[in-house]
Amino acid sequence: MSRSDDSLLRVDGLKKHYPITEGVLNTEVGRARAVDGISLELERGETFGIVGESGCGKSTAAASMVRLEEPTDGEVRFEGENILKYDAAELRQFRREVQLIFQDPDSSFDPRMNVGDAVAEPLVVQGMTDRHRRREIVADLLERVGLSASDMKRYPHEFSGGQKQRIGLARALAVNPKLIVADEPVSALDVSVQSEILRLIDEFQRELGLTVLIISHDLGVVRQVCDRVAVMYLGEFVEVGPTEELFSNPQHPYTRALLSAIPTPDPTDRGLGVELTGDVPDPSDPPSGCRFHTRCPEVIPPSGIDLPQEIWRAVLNFRKQVERESIDVESIVEVGVLESDGEYEGLEDPSPDAIDDADCKRWIRTEYDVPDRLDDPRAEAAVDDALDAILEGEAERAKARLAEEFTTVCEREKPELEGCSGGQEAACHLLDDAPAEPDELRLTE
Ligand SMILES: Nc1ncnc2c1ncn2[C@@H]1O[C@H](COP(=O)(O)OP(=O)(O)OP(=O)(O)O)[C@@H](O)[C@H]1O
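The sequence shown stops at residue 585 when you use my numbering, and every number in between is there.
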């Protein structure tokens with residue numbers, strides 16, 4: 141992602157992995173890959189947003205970029221200097237130039253300190269000894285954020301959430317920072333107040349030429365203020381681009397799914413019609429290939445498999461349950477018998493052995509929304525063989541049969557971020573120029 145040499149902050153291949161330990165000896169048994177190789181450049185004066193669901197690594201990314209967390213790998217350059225090599229004095233200077241705003245403004249205030257002292261604190265730390273001058277600056281800042289100079293004497297608990305966030309902004313601006321990093325700055329506030337705070341950030345950004353990095357799970361927030369946006373999923377950026385391009389012409393299925401989830405005021409507008417189900421997977425064991433493939437509504441089928449999208453997704457979900465060995469045949473059969481309209485009436489032992497295999501297989505298919513018969517003969521044969529193996533208690537054979545027929549390029553190969561026609565970059569095999577398998581077919585809708 142090469143933009144200009146005059147970027148304020150440049151991040152290359154940033155990773156933050158947290159060790160997972162067990163036992164009294166704290167033996168490392170794994171690593172949570174919270175951030176797993178992200179790169180970006182913040183141009184001076186731009187507002188950049190990182191958006192994604194809870195748990196995909198946004199806060200850790202921001203914290204690692206400003207060394208609140210020590211990165212595991214990668215490089216972060218601020219005005220061309222490698223911040224990971226800063227000594228204590230350089231780090232102190234950096235901490236003045238980069239100010240942080242958090243979701244909960246209370247966390248940055250000492251409840252026993254009045255607002256005047258709280259906003260002036262960074263000036264004191266910076267060595268400004270002139271009390272009168274400090275008061276002037278604080279009065280001016282409070283007025284600029286929409287409060288009054290007389291609020292200086294009051295204490296944080298006397299203010300509403302929105303007002304506290306204004307005070308937090310005044311405090312952040314006190315030392316003329318070059319970069320503001322705001323982590324969910326409005327998500328704790330009422331919707332009506334959110335817009336006001338975002339407008340204020342926008343105003344300051346323009347007036348003072350600030351560079352702003354906003355972290356949010358809310359696409360509406362980033363759309364309101366950001367010039368560019370990165371969409372993050374499970375420690376990686378899956379799409380990066382100018383805000384309007386990304387919102388009007390999303391290229392990654394994850395971006396499309398996030399956009400679909402935004403409620404629209406128009407009841408006839410059904411959005412992009414994509415539903416995002418399930419949670420972000422565990423970052424200590426991310427899915428292979430494209431990390432989104434386990435939830436993606438647009439997974440590319442393997443060569444020669446031709447199923448409608450919804451049915452293909454159901455087959456993939458069924459395969460996932462087989463992989464996890466979580467298909468509870470006994471319970472499914474028990475329910476099947478109860479609902480079987482008398483066919484098995486009076487049966488003393490409703491165990492799978494006492495039931496016709498064809499019925500067991502049909503009930504398992506129903507449980508996972510797989511139709512009784514798939515139109516694609518290859519897919520049908522694979523599902524049927526796997527069901528036979530399951531009923532014979534041969535889980536490994538079932539897994540192997542499904543893997544043989546249904547392993548997709550999305551699971552096999554990791555897509556890289558690449559430029560798309562709309563001016564953004566996205567990491568998705570749907571955008572591959574030459575598909576890994578030439579006869580790979582897009583799913584019929
Ligand atoms: N100190 C830690 N030790 C281990 N794992 C961690 C630690 N901090 C974060 N994680 C894990 O890293 C992943 C990313 O967390 P992070 O808070 O950065 O995500 P997020 O997108 O900001 O979500 P949220 O908005 O909920 O904070 C999560 O799975 C989280 O559990």
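We treat Cβ as the ideally placed atom computed from N, Cα and C, and that holds for glycine.
The structure displayed is predicted, hence computed values, not measured ones.
- Beta-carbon to beta-carbon, A310 and L263 are separated by about 11 Å, too far to satisfy the 8 Å threshold.
- Secondary structure of K155 (DSSP, three-state): strand.
- Under the 10 Å beta carbon count, E536 is surrounded by fewer than 16 other beta carbons and is classified as exposed.
- Not one heavy atom of ligand 1 lies closer than 8 Å to the C-beta of A494.
- According to the DSSP secondary-structure assignment, E565 is paired through a beta bridge with V380 and G559.
- Assigned with DSSP and collapsed to three states, Q239 falls in strand.
- Between the stretch 470-479 and the stretch 498-514 there are three or more inter-stretch CB-CB distances shorter than 8 Å, so the stretches are counted as touching.
- Counting other Cβ atoms within 10 Å of its Cβ, G220 stays below 16 and is therefore classed as exposed.
- The Cβ atoms of E376 and I190 lie no closer than 9 Å to each other.
- A straight-line Cα-Cα distance of about 7 Å links M372 and G197.
- For D422, the CB falls within less than 8 Å of some heavy atom of ligand 1.
- Here the alpha carbons of V378 and A370 stand approximately 8 Å from one another.
- Listed in chain order, the alpha helix (DSSP H) runs fully inside the stretch 216-280 are 228-237 and 255-266, counting runs of at least 4 residues.
- In the same chain as R275, and ignoring 5 residues on each side of it, the C-beta atoms closer than 8 Å to its own belong to G256, A260 and M292, in chain order.
- The alpha-carbon separation between R368 and I354 amounts to approximately 10 Å.
- The C-beta distance from L338 to V365 rounds to 5 Å, short enough to fall under 8 Å.
- R171 is bridged by DSSP to P159.
- F188: not part of any alpha helix (DSSP H); member of the beta strand (DSSP E) spanning T187 to V191, first to last residue.
- Rounded to whole angstroms, the separation of the alpha carbons of A289 and G192 is 38 Å.
- Taking C-beta separations shorter than 8 Å and ignoring five residues to either side along the sequence, the partners of P317 in its chain run R236, E237, V238, Q239 and L350, following chain order.
- Between ligand 1 and the CB of H433, the shortest heavy atom gap is not smaller than 8 Å.
- Within a 10 Å sphere around the beta-carbon of A498 sit fewer than 16 other beta-carbons, which makes this residue exposed.
- By the Cβ rule, the stretch 324-337 does not count as touching the stretch 384-398, because fewer than three pairs are nearer than 8 Å.
- Counting along the chain, A312 sits inside the alpha helix (DSSP H) bounded by residues G301 to L313.
- Going by C-alpha positions, A566 is about 26 Å away from L447.
- Excluding its 5 nearest sequence neighbours in each direction, I307 has C-beta neighbours in its own chain below 6 Å: V255, listed in chain order.
- With fewer than 16 other Cβ atoms inside 10 Å of its own Cβ, R464 counts as exposed.
- At the C-beta level, R150 and E181 come within 9 Å of one another.
- When DSSP states are grouped into helix, strand and coil, A540 belongs to the helix group.
- Restricting attention to Q345, F249 and T269, the CA atom closest to the CA of R284 is found in Q345.
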